[in-house]
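Report on one structure; see the data block that follows.
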Amino acid sequence: MEGLMIVFERLCLRDEIMASLNPEQAWRELTTTSPGVVARVAQAEREFAVYQRRDGVFSRPSVLENAKNMEPAAWWGMYGKHLPL
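Residue numbers 1 to 85, in our numbering, belong to the letters of the sequence shown in order.
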């Protein structure tokens, strides 16, 4: 699970850099402990917890069945797109 959290941090750092007005400067200054990055990571972790708890749409039998048979990207695009992870 720790590996996944590292991925979340790196993706959130990238997103924060790309969303900045000056990505070149942000690339040099932002880290995974920067407040904006930390806020994005916290949001991603909350959204991942929704998936892990099988809350909402993730509790439907058809969704669970399709998780076994669909390509992961297609499955997430269909059922997880409301979570901007």
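Positions of the beta carbon are idealized from the N, C-alpha and C atoms, including for glycine.
These numbers come from a predicted model, not from an experiment.
Bounding residues of the alpha helix (DSSP H) (the contiguous stretch that carries residue i)
| i | result |
| --- | --- |
| leucine 64 | 61-69 |
| leucine 13 | 2-19 |
| phenylalanine 58 | Element bounds for phenylalanine 58: n/a, residue is neither H nor E. |
| arginine 46 | 35-53 |
Closer than 7 angstroms: residue i CB and nearest the ligand GDP heavy atom
| i | result |
| --- | --- |
| leucine 64 | Inclusion of the ligand GDP in the displayed structure is not the case, the ligand content being empty and no account of it being possible. |
Cut-off 6 angstroms between Cβ atoms - residues of its own chain near residue i, not counting five sequence neighbours on either side
| i | result |
| --- | --- |
| leucine 83 | Glu47 |
Collapsed DSSP secondary structure at residue i in the structure displayed
| i | result |
| --- | --- |
| glycine 80 | coil |
7 angstroms CB neighbourhood of residue i in its chain, flanking five on each side removed
| i | result |
| --- | --- |
| valine 63 | Val57, Tyr79 |
| leucine 30 | Leu13, Glu16, Ile17, Val37 |
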